[in-house]
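**Student:** Each position in the sequence shown, counted from 1, maps to that position plus 3 in this note's numbering.
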Amino acid sequence: MTAVRTPNLLDVAGMGLAERVARFGRPLMKPGPGLDPEVLHREVLETPTELELAGADRLDPVDLEIFLHKLDSMIDDGRDVCKYLSMAEMLQAGDLGVGVFTAKGDLAGMSTGVLLHALLHYGPVKYVLKHYVDDPTVGLADGDIFFFNDPDAGGVHTYDHFLMMPVFWESELLAWVACGGHQGETGSRSPGGWSPEIGSRYEEGLHITPLRVGRNFEFQTDHLEFLLNSVRTPRQNSLDMKARLAVCVRLRQQLLRETERRGADFVAAGLRQSIKISAGLARRRIASLNDGVYRSVVFLDTIGIDDGLIRLPVEIHKRGEELVIDLAGASPEPGIGPFHLRWHLARAASAAALFPTVFRGLRWSIGLFDPVKLTAPPSIVNAPSRDSGTGSGSHTGRVVVQGLLLAAMRMLHDSPHRAGVVAPFAENLLLIGFGGTGQYGNPIAGGPANGNATGQGARFDLDGEHSAGFFWAMVVDCPGPEEQERKFPWVYLFRNRFDRDVCGLGRHRGGVGLTDCFVIHGTEGLRFNSVGTGSRFTKNYGLFGGYSGASQPRIVVRGSDAKALMAAGAADLPMSVRELADRRRISGRYEFGHPNIEGESCSDGDVFVLARGSGGGYGDVLERDPAAVLDDIAAGVTSTELAVRLYGVVLTEGRDRVDEAATAARRAEIRAERLRLGRPYDEFVADWSQRRPPPEALRHYGDYPIPTQLIDDRDCPDPREQG
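1) Distance, Cα to Cα, Pro51 vs Asp60?
2) For a minimum of 4 consecutive residues, which ranges assigned as the alpha helix (DSSP H) are wholly contained in the segment 125-167?
3) Taking Cβ to Cβ, would you say Leu529 is nearer than 9 Å to Gly596?
4) Go through its chain and collect everything with a Cβ distance to Ser551's Cβ below 6 Å, but skip five positions before and after it.
5) Can you tell me which residues form a DSSP beta bridge with Ile600?
6) Compute the beta-carbon to beta-carbon distance between Ser103 and Val159, rounded to the nearest angstrom, for a pair I have assumed lies under 8 Å.
7) Ser395 by DSSP, collapsed to three states: which one?
8) Based on the DSSP output, what are the partners of Met477 in its beta bridges?
9) Within the same chain, show all residues whose beta-carbon is closer than 6 Å to that of Leu330, passing over the 5 residues directly before and after it, in chain order.
10) Which full runs of the alpha helix (DSSP H) of 4+ residues lie inside the segment 552-579, going along the chain?
11) Does the separation of the CB atoms of Tyr684 and Ser334 fall below 9 Å?
12) Check the C-beta distance from Gly513 over to Ser590 and give it rounded, since I have them as a contact under 8 Å.
13) Any idea if Met4 is buried or exposed, counting beta-carbon neighbours within 10 angstroms, 16 or more meaning buried?
14) Quick check for students: name the residue ranges of the alpha helix (DSSP H) that lie wholly in the segment 615-684, counting only runs of 4 or more.
15) Candidates Val301, Arg265, Arg322: which alpha carbon is nearest Ile289's?
16) Which whole-angstrom value describes the C-beta separation of Tyr130 and Val216, a residue pair presumed to lie in contact below a C-beta threshold of 8 Å?
17) Let me confirm a value: Glu336 is counted as buried when at least 16 other C-beta atoms fall within 10 Å, else exposed. Which label applies?
18) Is Arg345 buried or exposed, if buried means 16 or more other CB atoms sit within 10 Å of its CB?
19) With a CB to CB cut of under 6 Å and the five nearest residues on each side skipped, what residues in its chain are close to Leu214?
20) Please classify Leu34 as buried or exposed, where buried requires at least 16 neighbouring CB atoms within 10 angstroms.
21) What residue does the alpha helix (DSSP H) around Trp493 start on, and which one ends it?
22) For Asp607, which option in His226, Val494, Gln405 has the closest C-alpha, if you only look at C-alpha atoms?
23) Using only alpha-carbon positions, find the residue among Cys520, Phe428, Asp609, Thr536 that is nearest to Gly307.
24) Assuming the contact rule is C-beta atoms closer than 8 Å, Ala614 and Thr518 should be a hit. Round their C-beta distance to whole Å, please.
25) Can you give, in chain order, each stretch of the beta strand (DSSP E) that sits fully within the segment 327-386 and has at least 3 residues?
26) Do Ile319 and Ala426 come within 9 Å of each other at the CB atom, strictly closer than that value?
27) For Tyr707 versus Leu701, is the C-beta distance shorter than 9 Å?
28) In the DSSP output, what is Leu181 paired with across the bridge?
29) Please report how far the alpha carbon of Ala21 lies from the alpha carbon of Arg401, in whole angstroms.
30) Which class does Glu318 belong to by DSSP, given the choice of helix, strand or coil?
31) For a quick check, are the C-beta atoms of Gly97 and Ala476 less than 9 Å apart?
32) With a CB to CB cut of under 7 Å and the five nearest residues on each side skipped, what residues in its chain are close to Ile673?
33) So, under 8 Å CB-CB, Arg286 and Glu324 are touching, yes? Tell me the CB distance rounded to an integer number of Å.
34) Do you know offhand how far Leu654's Cα is from Ala631's?
35) Please report the straight-line C-alpha distance between Ile339 and Gly657, rounded to a whole angstrom.
36) Which residue or residues does DSSP assign as beta-bridge partners of Ile435?
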């Protein structure tokens with residue numbers, strides 16, 4: 004029986020951590036049709052099935068290791084199948100996830116690619132098990148196929164589409180298999196999605212909660228045609244749905260082959276043991292780190308529909324074998340724009356920071372979350388309002404991850420696992436979606452996947468790699484320019500050249516991201532929209548004194564003569580963003596703008612720049628080996644002017660060698676200037692605390708400097724006080 008309580012406004016800041024975890028360590032949105040927040044925050048491991056218990060004693064360590072290796076091979080094979088059979092640009096580039104789950108929906112094995120995808124499949128699986136299995140109008144049978152894309156059901160945003168399928172052995176449910184990734188076109192108000200100006204979720208296209216779209220391993224024609232009739236690119240979506248189904252069928256076949264060989268009880272117990280192994284290793288890894296509280300505060304510069312400063316604080320409480328990630332103190336839910344985040348996505352997003360660093364080398368499964376708790380009071384990062392748009396919630400999640408990574412690196416630095424310390428990957432990602440008719444007369448909706456070539460952050464002992472990958476995914480592809488010119492109505496002006504003075508500097512520098520520049524070609528015109536962050540200030544943070552990677556605006560040149568110059572064989576065409584912007588060799592109207600724009604038109608000959616962002620640096624710039632600076636100058640990623648001004652490296656007259664004496668003198672001069680400008684900490688704080696951003700920057704911020712969070716305990720009751 005629930006105790007009767009008197010409404011009471013509570014200040015989140017006055018709560019202890021345990022109370023915040025109890026109240027806010029879960030999604031705050033309300034249940035709805037096809038939506039059940041309860042299934043999204045259960046403990047990592049459900050109670051074992053009878054089949055899992057029966058096989059527990061059969062798990063010989065050698066046989067188990069062989070089985071888990073085969074499981075990983077099955078999953079990686081499924082990922083390749085999806086890439087090679089899909090038509091959507093993002094799927095071909097690897098923006099997808101493949102997973103195998105226990106019979107109760109716990110993730111036992113996952114692919115490389117986008118970490119979020121496989122880590123979020125459990126919600127819809129558990130919803131089906133809780134609500135549909137015993138429903139006589141639905142039920143569950145071998146060969147059933149379920150589709151979902153609703154972020155509130157457990158997805159990322161509506162642009163990620165997923166299929167999942169139960170695996171039966173004889174008449175018993177053995178496991179689940181799933182595959183999904185970024186489809187792009189969902190019938191939203193903007194072609195390809197990514198609408199920055201939405202007012203609510205109802206403008207983001209399809210919101211499908213777990214829906215059975217097939218039986219007996221085949222799609223039901225009426226369900227499939229309903230989905231295809233709801234989007235601008237039915238042919239593409241149809242092929243990609245079939246690619247996902249092919250992955251699920253293949254995974255099922257391979258899993259059943261192992262079942263024939265080893266027995267259903269062994270396979271069921273092996274899947275469960277995979278999770279338990281990860282959980283045990285994660286706890287052991289955490290126990291080896293120093294107890295403490297590790298903090299970071301990062302910021303967003305937009306909510307999409309509007310400029311505005313958004314505060315996103317992170318605290319990691321490390322206690323024994325557990326981590327608690329506390330996001331209290333974030334800016335309130337703005338209620339407009341697509342940048343709202345949900346609790347389950349914030350938790351899954353934390354994998355992008357924790358898996359490659361704190362949990363470096365451990366087996367990937369949901370078990371790595373067993374010792375990790377996440378608490379997020381009502382705010383932009385745990386938006387409770389049902390109507391809020393979440394299409395770009397992943398952008399907010401990425402910035403939260405940047406803060407989480409900065410805090411986690413402070414925790415990891417003084418530990419036996421320092422090899423995992425790294426500055427954040429580039430996050431200032433600009434996404435442009437196009438809609439209209441392509442060069443072959445076919446409808447197009449979407450854009451290039453070159454965001455998979457951003458710069459890596461510097462490591463504690465090495466520079467970051469250039470054009471290394473994607474923020475969410477360590478193993479992804481970047482399509483070549485010829486391939487993209489076949490797909491999209493444009494030709495490249497330049498690409499695969501590193502821009503100068505944009506990576507984060509430090510003892511070790513960050514990697515430079517890929518920059519595209521293309522000219523619209525072969526079409527009378529297109530509509531386009533763009534979404535992103537990082538034009539006001541960067542989120543490609545440096546670490547331990549390292550500089551951040553550069554911020555970047557959206558750049559478009561309207562009515563250019565680029566095609567005429569290319570046709571004439573001009574020898575002095577720009578080959579980098581700096582050359583394009585500074586020399587203005589190409590005529591036209593140059594626009595340097597906010598990353599978020601919607602409903603714009605572009606014409607044949609217009610020039611677009613897509614800068615993908617460069618990683619942050621590590622350590623003091625004055626500790627960088629001068630020879631490494633010379634190498635960067637030769638590679639074109641650092642100018643001689645910046646080398647002198649910031650690195651303190653002076654070259655000889657021929658600029659081919661370091662002048663060691665002049666360099667030592669210049670670095671001594673910079674250190675002396677630092678001391679002259681230095682101030683006692685209390686004096687600095689007294690001055691800094693009086694400064695305040697302009698009012699227009701704070702309209703979505705909440706109370707300054709720390710947003711006050713008052714809650715009604717009826718909306719967020721403490722479960723410990725309920726009987």
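We put the beta carbon where it would ideally sit given N, CA and C, even for glycine.
**Tutor:** In this structure, then:
1) In the sequence shown, counting from the first residue as 1, residue 51 sits at position 48. In the sequence shown, counting from the first residue as 1, residue 60 sits at position 57. If you draw a straight line from the Cα of Pro51 to the Cα of Asp60, it is about 14 Å long.
2) Qualifying alpha helix (DSSP H) stretches, in chain order: 125-130.
3) Stepping through the sequence shown from its first residue, residue 529 is reached at position 526. Stepping through the sequence shown from its first residue, residue 596 is reached at position 593. No, the pair does not count as a contact, with Cβ atoms beyond the cut-off.
4) The sequence position of residue 551 within the sequence shown is 548, counting from 1. Annotation for Ser551: Gly507, Thr541, Asn543, Tyr544, Gly545, Gly619 place their beta carbon closer than 6 Å to its own, counting only its chain and skipping 5 residues before and after.
5) Within the sequence shown, the letter at position 597 stands for residue 600. For Ile600, the beta-bridge partners assigned by DSSP are Ser533.
6) The residue you call residue 103 lines up with position 100 of the sequence shown. The residue you call residue 159 lines up with position 156 of the sequence shown. Note on identity: in this sequence residue 103 is Val, with Ser being the wrong assignment. Between Val159 and Val103 the Cβ distance is about 20 Å, and since that is not below 8 Å, they are no contact.
7) By one-based count along the sequence shown, residue 395 stands at place 392. In this structure, Ser395 counts as coil in the three-state DSSP scheme.
8) Position 474 of the sequence shown, counting from 1, holds the residue named residue 477. Per DSSP, none; premise fails for Met477.
9) What you label residue 330 is simply residue 327 of the sequence shown in a count that begins at 1. Residues Ala379, Val384 of the same chain have their beta carbon placed closer than 6 Å to that of Leu330, with the five preceding and five following residues left out of the count.
10) Fully enclosed alpha helix (DSSP H) runs of 4 or longer: 565-570.
11) Taking the sequence shown and counting its residues from 1, the one referred to as residue 684 is at position 681. Taking the sequence shown and counting its residues from 1, the one referred to as residue 334 is at position 331. Between Tyr684 and Ser334, the CB-CB gap reaches or exceeds 9 Å.
12) Taking the first residue of the sequence shown as 1, we reach residue 513 at position 510. Taking the first residue of the sequence shown as 1, we reach residue 590 at position 587. No, Gly513 and Ser590 are not in contact; Cβ-Cβ is about 34 Å, not under 8 Å.
13) As a working note, residue 4 is residue 1 in the sequence shown. Low per-residue confidence applies at Met4: pLDDT is 45, beneath 50, and the placement is therefore not dependable, though the value from the model is reported in the following sentence. Classification for Met4: exposed.
14) Correct list: 629-638, 663-680.
15) Indexing the sequence shown from 1 puts residue 289 at position 286. Ranking the options by Cα distance to Ile289, first place goes to Arg322.
16) As a working note, residue 130 is residue 127 in the sequence shown. As a working note, residue 216 is residue 213 in the sequence shown. Not really, about 15 Å apart at Cβ, beyond 8 Å.
17) Sequence index remark: in the sequence shown, residue 336 carries index 333 (1-based). Counting Cβ neighbours within 10 Å, Glu336 comes out buried, since at least 16 surround it.
18) Indexing the sequence shown from 1 puts residue 345 at position 342. Flag for Arg345 reads buried.
19) For the purposes of this step, residue 214 is taken as residue 211 along the sequence shown, with counting starting at 1. Contacts found: Phe150.
20) The residue given as residue 34 occupies position 31 in the sequence shown. According to the sequence as given, residue 34 is Pro; it is not Leu. Of the residues assessed, Pro34 falls on the exposed side of the cut-off, its CB having fewer than 16 other CB atoms within 10 angstroms.
21) The count along the sequence shown starts at 1 and reaches residue 493 at position 490. Taken as a continuous stretch (DSSP letters only), Trp493 belongs to no alpha helix (DSSP H), being part of the beta strand (DSSP E) at 493-497.
22) Taking the sequence shown and counting its residues from 1, the one referred to as residue 607 is at position 604. Between Asp607 and the set His226, Val494, Gln405, the nearest pair of CA atoms involves Val494.
23) For the purposes of this step, residue 307 is identified with residue 304 of the sequence shown, where counting begins at 1. The option with the nearest alpha carbon to Gly307 is Thr536.
24) Here residue 614 refers to the residue found at position 611 when the sequence shown is read from its first residue. Here residue 518 refers to the residue found at position 515 when the sequence shown is read from its first residue. Indeed they touch by this definition, with Cβ atoms about 5 Å apart.
25) List check, beta strand (DSSP E) in window: 375-378.
26) For the purposes of this step, residue 426 is taken as residue 423 along the sequence shown, with counting starting at 1. For the purposes of this step, residue 319 is taken as residue 316 along the sequence shown, with counting starting at 1. Note that the C-beta distance between Ala426 and Ile319 is not below 9 Å.
27) The sequence position of residue 707 within the sequence shown is 704, counting from 1. The sequence position of residue 701 within the sequence shown is 698, counting from 1. Yes.
28) As a position in the sequence shown, residue 181 is number 178, starting the count at 1. Before going further, note that residue 181 is Ala rather than Leu in the sequence given. Per DSSP, Gly102, Met167.
29) The residue given as residue 21 occupies position 18 in the sequence shown. The residue given as residue 401 occupies position 398 in the sequence shown. One Cα belongs to Ala21, the other to Arg401, and the distance between them is close to 26 Å.
30) In the sequence shown, the residue the question calls residue 318 occupies position 315. Three-state result, Glu318: strand.
31) By 1-based counting over the sequence shown, the position of residue 97 is 94. By 1-based counting over the sequence shown, the position of residue 476 is 473. The criterion of a C-beta distance shorter than 9 Å is satisfied by Gly97 and Ala476.
32) Position 670 of the sequence shown, counting from 1, holds the residue named residue 673. Excluding sequence neighbours, Ile673 sits near Leu625, Gly651.
33) Numbered from its first residue, the sequence shown carries residue 286 at position 283. Numbered from its first residue, the sequence shown carries residue 324 at position 321. Confirmed, about 4 Å.
34) Locating residue 654 in the sequence shown gives position 651, where the first residue counts as 1. Locating residue 631 in the sequence shown gives position 628, where the first residue counts as 1. In a straight line, the C-alpha of Leu654 is about 13 Å away from that of Ala631.
35) Position 336 of the sequence shown holds residue 339. Position 654 of the sequence shown holds residue 657. Approximately 57 Å, taken between the alpha carbons.
36) Indexing the sequence shown from 1 puts residue 435 at position 432. DSSP, once it has assigned bridges, lists Ser533 as partnering Ile435.
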